[in-house]
Amino acid sequence: MDKLSPYALGATLYMPATRSDLLDVVFGSKLPELRSLVVCLEDAVAEVDVSTALHNLKVLLEAIAARGGRPAGAPLMFVRPRDSEMAAVLNDWPLMRHVDGFVVPKLTLSNLRAWEQAVTNTDLYLMPTLETPEVFNPNAMVELGQALKASLDQRVIALRVGGNDLMGSLGLRRMPATTLYSTPMSYVIAMLAGVMGSQGFALTAPVFEQLAKPDLLKAELELDIAHGMVGKTAIHPSQISIIQDSLRVSLEDFNSAKLIVSDLAPAVFKHNDVMCEPATHYKWAVKILERARWLGVKQTEIGSVEAPVLLAGAAR
């Protein structure tokens with residue numbers, strides 16, 4: 484299977500599988516700007532509603548099949564099962580051909596083998612979620628990363644950082660006036676960016692809980708991007724455009740990246756009063772161009788707001 488770009492995810496909206504409007508979202512009549520969707524059967528669904536949620540998911544997939552599949556330009560669609568046992572059942576549903584993959588909840592080294600045995604359909608991508616106490620241990624993350632690369636590497640789009648569960652394991656909840664980076668998650672995200680990023684994994688940033696504070700969300704997104712996060716989980720439609728606007732590449736970074744990857748680039752050069760060194764900045768430049776391909780470039784003009792300029796080759 485061709486590796487799906489993690490930058491195609493953009494803002495990823497989680498929706499309980501019990502929702503009645505999932506088909507409208509899948510086909511773009513609702514939230515047409517959405518890039519990726521997770522139909523959740525885990526934390527967002529109460530135990531008593533699991534059978535209803537599974538039935539609703541089946542009805543959704545049957546409706547997609549009846550329309551001939553998801554349309555071009557539709558958001559990427561993932562399913563988050565409750566555990567590996569549920570995943571094994573869903574893995575064998577023929578209707579799962581209409582889904583891009585699974586979000587794997589609470590992945591650890593100890594349950595990795597169970598997930599490997601459950602998700603054998605190689606047409607389904609995987610997004611494991613790091614959200615258990617083991618995540619605070621860098622050695623455990625090194626081992627998990629190595630194990631993932633040895634078994635499921637080509638199917639993993641990105642690793643999702645489960646901020647709420649990680650904070651909950653410490654008995655904490657973020658303060659309403661600060662970003663996640665004013666909590667122990669600052670250490671966790673920086674550590675994961677180094678440990679997992681150096682092994683080649685992309686990471687997506689945790690949710691932002693304060694729906695009435697868009698400026699604080701933007702501040703947190705700046706820190707997400709500075710730590711190399713490729714996308715962010717959204718918990719409400721009002722967050723989608725803010726996340727995706729923030730993920731767009733600045734024109735200055737875009738131009739610098741083009742110069743750095745050029746075959747004619749000198750060993751060291753100055754651009755906009757910043758030193759550029761292709762030997763050390765090449766990987767950054769490639770990621771910037773990939774991000775721009777999927778999410779666009781911010782075009783700033785005097786007296787106007789930033790408007791995205793999407794590039795040729797982007798899916799949307």
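Everything in the sequence shown is counted per my numbering, starting at 484 for the first residue and increasing by one. From the three backbone atoms N, C-alpha and C, an ideal C-beta is built for every residue, glycine too. All of these numbers come straight from a predicted model, not from anything done at the bench.
Query, Result
"At what residue ranges does the region 599-637 contain a whole run of the beta strand (DSSP E), taking only runs of 3 or more?", "608-613"
"Please work out which residues of its chain come closer than 8 Å, Cβ to Cβ, to GLN600, disregarding the five sequence neighbours upstream and downstream, and give them in chain order.", "SER567 and ALA571"
"Just how far apart, CA to CA, sit LEU663 and GLU703?", "7 Å"
"For the structure I just gave you, are there three or more beta carbon pairs, one from the region 624-639 and one from the region 648-668, closer than 8 Å?", "no"
"Residues bridged to ARG565 by DSSP?", "According to DSSP, ARG565 bridges with nothing at all."
"Using CA atoms only, rank isn't needed, just tell me which of LEU496, ASP736 and LYS770 is closest to HIS754.", "ASP736"
"My output table needs one value for PRO489: the three-state DSSP class, helix, strand or coil.", "helix"
"In this structure, what does DSSP give as the bridge partners for PRO499?", "CYS523"
"What is the DSSP secondary structure of ALA453, reduced to helix, strand or coil?", "With the chain running from 484 to 799 in the structure shown, residue 453 is simply not present."
"Is MET569 closer than 8 Å to LEU524 when the C-beta atoms are compared?", "yes"
"Would you call MET679 buried or exposed, if buried means 16 or more other Cβ atoms sit within 10 Å of its Cβ?", "buried"
"Tell me which residues share the same chain as ALA548 and place their Cβ nearer than 7 Å to its Cβ, disregarding the 5 neighbours each side in the sequence.", "LEU578 and HIS581"
"Find the nearest neighbour of PRO761 within the set PRO749, VAL671, LEU772 and ASN604, judged by alpha-carbon distance.", "PRO749"
"Is it true that the CB of GLN727 sits closer than 8 Å to the CB of GLY493?", "yes"
"Considering only the beta carbon of each residue, do LYS486 and GLN682 sit closer than 8 Å?", "no"
"Determine the contact status of PHE585 and LEU613, defining contact as a CB-CB distance below 8 Å.", "no"
"Helix or strand or just coil, what does DSSP make of HIS710?", "coil"
"Using DSSP bridges, identify the partner residues of HIS754.", "VAL757"
"Please report how far the alpha carbon of PRO478 lies from the alpha carbon of VAL644, in whole angstroms.", "The structure shown has nothing for residue 478, since the chain only spans 484 to 799."
"VAL690 lies in the alpha helix (DSSP H); which residues open and close that run?", "It is not in any alpha helix (DSSP H) - VAL690 carries neither H nor E in the DSSP assignment."
"Is DSSP giving ARG643 helix, strand or coil here?", "strand"
"At the level of alpha carbons, what is the spacing between GLU516 and ALA555?", "13 Å"
"Comparing C-alpha positions only, which one of MET674, MET668 and ILE723 sits nearest to LEU694?", "ILE723"
"DSSP state of VAL528, grouped into three classes?", "coil"
"Tell me, to the nearest whole angstrom, how far the beta carbon of GLY558 is from that of GLY714; I am working on the premise that it is less than 8 Å.", "In the sequence as displayed, the identity of residue 558 is Pro instead of Gly. No, PRO558 and GLY714 are not in contact; Cβ-Cβ is about 12 Å, not under 8 Å."
"In this structure, does DSSP put ALA546 in helix, strand or coil?", "helix"
"Candidates VAL587, SER512 and ASP707: which alpha carbon is nearest SER665's?", "ASP707"
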